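Colleague:
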Ligand code: AGP
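In my numbering, the protein residues as written are 0 to 622.
(1) With residue 13 as the anchor, note down where its alpha helix (DSSP H) starts and where it stops.
(2) Can you check the segment 93 to 155 for any alpha helix (DSSP H) of at least 4 residues that lies completely inside it and give the ranges in chain order?
(3) Looking at C-alpha atoms only, which residue of 462, 186, 619 and 513 is the closest neighbour of residue 545?
(4) With 16 other CB atoms within 10 Å as the buried threshold, where does residue 385 fall?
(5) What three-state label does DSSP hand residue 435 in the structure shown?
(6) So, at 6 Å on beta carbons, what are the nonlocal neighbours of residue 138 in its own chain, with the 5 sequence-adjacent residues on each side left out?
(7) Would you list the residues sitting across from residue 575 in a DSSP beta bridge?
(8) CA-CA distance, residue 56 and residue 145?
(9) Use the C-beta contact count for residue 278: other C-beta atoms within 10 angstroms, 16 or more gives buried, fewer gives exposed.
(10) From which residue to which residue does the beta strand (DSSP E) around residue 476 run?
(11) Measuring CB to CB, does residue 587 end up less than 7 Å from residue 319?
(12) DSSP puts residue 388 in a beta bridge; with which residues?
(13) Let's test the definition: count the other Cβ atoms within 10 Å of the Cβ of residue 346 and tell me whether it reaches 16, buried, or not, exposed.
(14) So for residue 589, helix, strand or coil by DSSP?
(15) In the DSSP output, which residue or residues are listed as bridge partners for residue 192?
(16) Less than 6 Å between the CB of residue 509 and some heavy atom of the ligand AGP, yes or no?
(17) Looking at the strands, I want to know which residues DSSP matches up with residue 342.
(18) Taking the CB atoms as reference points, tell me whether residue 589 and residue 457 lie closer together than 7 Å.
(19) Given residue 244, which residues of its chain have a CB within under 7 Å of its CB, disregarding the five upstream and five downstream residues?
(20) Compute the minimum distance between the beta carbon of residue 389 and the heavy atoms of the ligand AGP, and state whether it is under 6 Å.
(21) Check this for me: beta carbons of residue 20 and residue 74, under 7 Å apart or not?
(22) Counting pairs of Cβ atoms below 8 Å between the segment 490 to 498 and the segment 444 to 451, do you hit three or more?
(23) Express the C-alpha separation of residue 402 and residue 68 in angstroms, rounding to a whole number.
(24) Please classify residue 206: does DSSP put it in a helix, a strand, or coil?
(25) Taking 6 Å as the cut-off, is the beta-carbon of residue 586 closer than that to any non-hydrogen atom of the ligand AGP?
(26) Measure from the alpha carbon of residue 479 to the alpha carbon of each residue in 500, 559, 433 and 537, then state which is nearest.
(27) Whose CA, out of 336, 530, 201 and 556, lies closest to the CA of residue 522?
(28) May I have the straight-line CA-CA distance separating residue 363 from residue 551, to the nearest angstrom?
(29) Count the other CB atoms within 10 Å of the CB of residue 618; is the residue buried (16 or more) or exposed (fewer)?
(30) Who are the near neighbours of residue 297 in its chain, counting only those whose CB is closer than 7 Å to its CB and skipping five residues on each side?
(31) Could you tell me which residues DSSP pairs with residue 503 in its beta bridges?
(32) Relative to the alpha-carbon of residue 174, which residue among 45, 182 and 121 has its alpha-carbon at the smallest distance?
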């Protein structure tokens, strides 16, 4: 499958049952708004007809429209929040799209690459298309096929066979008000099965308030939802095997829980997320039992290289994982930006273990990287937070982080749980390969088990960090320095500030200062320095203290993150942020938290939208 440019993830919801379809769909869309939010729309079947409403802008605009022009009541309906690709965020381009007779409504995520040809053919057959979107062609094609088959699922299968590209489609037809039909190719779609009702959505967050019984949809499949159940087939009409699973997120987990932003809630959830990610992975004897890692110990013993592929924050987790994997297993470990990975013609074979780290499990760069790795015969292990998403489904094995839904675009608890999962994988490799004895593994597990309470302690001391952040709101740059595992932490701190405060921020390996970046230091430039533990690699500690002296001598305002008891840094710290003393490799689990709080507070001080920063979406399926 060649790579396809896919739009940033949109939010899709479909419902058939006994509740108000409008209520269920709108509530579901609100849970998905973080996925893309520049227009929204709904369609409801009622009294043999189909009624639709759609508006540009955030969902609140659609809600106002529905107050001014209410839709008729109905128990079958679909809805969509959009991230524009083909055609700007206008009312006309908002989904759902209808055929000319207004009998079919369809919502879509993805790109239909041959839509121009289909559009021309439809126009020749007399169809009038009213939008700039690729999606609209599907409404007209479904109308044509339905008129011949009187079966919406069959019509969907026939249409999908004519589409090129990658897509999730959900449709309804006024002539069959008891069915909602969905199709997926290379884009997420999950099914929720309730009592006398069924749901379709881009993400389980849309329906977990109603049911936790879900069904995975595979590649090139069509699903037909009715009140009494779901039917899944291939695009060729052959019945498909249905994999059900239980969604263990609580409905409340997707709410803000009293915080102003999801991000604040998710920062506060980190102690629990870390603890939950350890749960059930250590047997009574203290050995690791990673039962979802469906790669046998004998295969793992054959591994002679680990390659980690990821994007953004997940990539920073991979950078930290490298230190642990190489230190504990002595296996060479490369870390690669997923978007660069397959274009550098990487050297991979059956003895390479590729680890794909992804919170959403839908990041197209990472998905295409793991596909490339599998084509080269490598085993792929996914570290993912979203059960049933595409990346774990296409991997040989998966280790799920148990962070619960992470709604804020800026990743926080997912990052800490990715680190925990990476440590577990590294220890597991050490365990099966004999490079770490049982007692050594248990010692690290014991340290990991304490991290949850240490993160809690850090969270209790963040008021000075918030106060400091507010004083820097008018700055136009902040630099971040770190060494060893502190270097990826510096990069992560800079990324948080970029994506939240829309501020120039850059992370450096502190040793690189003298090779150029020190030229950036001038009076009052804020520089955050992540100081390694003096107990671990004292040489690194001493070197970074020298770095702090160097930048301070040139006027920098030094913001120093250092462990309790480290007095060497005190004379050179304009602002000192204390973190608990932790083992060297685990320090990122506590050092990152002040940087998350710092970025969030600075963004708030600047009046920015914290959960949905400009230009960004939570799940990036742009390749
Ligand atoms: C981090 O705060 C960003 N949201 C972004 O860098 C994110 O980590 C990246 O897009 C990867 O997403 P994934 O973990 O869902 O694959």
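Heads up, the beta-carbon is just placed ideally off N, CA and C, and yes, glycines get one too.
Remember, it's a predicted structure, so these values are computed and weren't measured experimentally.
Modeller: Reading it off the structure:
(1) Here residue 13 belongs to no alpha helix (DSSP H); instead the beta strand (DSSP E) covers 10 to 15.
(2) Counting whole runs of 4 or more residues, the segment 93 to 155 contains the alpha helix (DSSP H) stretches 114 to 123 and 135 to 148.
(3) Of the listed residues, the one whose Cα sits closest to residue 545 is 513.
(4) Under this definition residue 385 is a buried residue.
(5) DSSP, read as helix, strand or coil, puts residue 435 in coil.
(6) So the list reads 96, 97, 98, 103 and 105, once near-sequence residues are dropped.
(7) Under the DSSP definition of a beta bridge, residue 575 partners with 559.
(8) For residue 56 and residue 145, the distance between alpha carbons rounds to 32 Å.
(9) The residue is exposed, with fewer than 16 neighbouring Cβ atoms inside 10 Å.
(10) In the DSSP assignment, residue 476 falls within the unbroken beta strand (DSSP E) covering 476 to 481.
(11) The Cβ atoms of residue 587 and residue 319 sit closer than 7 Å to each other.
(12) None; residue 388 has no bridge partner.
(13) A residue is called buried when at least 16 other Cβ atoms come within 10 angstroms of its Cβ; residue 346 does not meet this threshold and is exposed.
(14) Secondary structure at residue 589: helix, using DSSP grouped into helix, strand and coil.
(15) As a beta-bridge residue in DSSP terms, residue 192 pairs with 197.
(16) Checking the Cβ of residue 509 against the ligand AGP gives no.
(17) Answer is none; residue 342 lacks a bridge partner.
(18) Yes, the Cβ-Cβ distance between residue 589 and residue 457 is below 7 Å.
(19) For residue 244, where only same-chain residues beyond five positions count, the Cβ hits under 7 Å are 213, 215, 386 and 387.
(20) Result no, Cβ not under 6 Å from the ligand AGP.
(21) Yes, the Cβ-Cβ distance between residue 20 and residue 74 is below 7 Å.
(22) No contact exists between the segment 490 to 498 and the segment 444 to 451.
(23) Their backbone Cα atoms lie some 40 Å apart in a straight line.
(24) Secondary structure at residue 206: coil, using DSSP grouped into helix, strand and coil.
(25) Every heavy atom of the ligand AGP is 6 Å or more from the Cβ of residue 586, so no.
(26) From the listed residues 500, 559, 433 and 537, the smallest Cα separation to residue 479 is found for 559.
(27) Residue 522 has its Cα closest to that of 556, out of 336, 530, 201 and 556.
(28) Taking the straight line from one Cα to the other gives about 42 Å.
(29) Counting the other Cβ atoms within 10 Å of the Cβ of residue 618 gives 16 or more, which makes it buried.
(30) Excluding residues up to 5 positions away in sequence, nothing lies with its Cβ nearer than 7 Å to the Cβ of residue 297 in the same chain.
(31) In the DSSP output, where bridge partners are listed per residue, residue 503 has 476.
(32) For the residues 45, 182 and 121, the minimum Cα distance to residue 174 belongs to 45.
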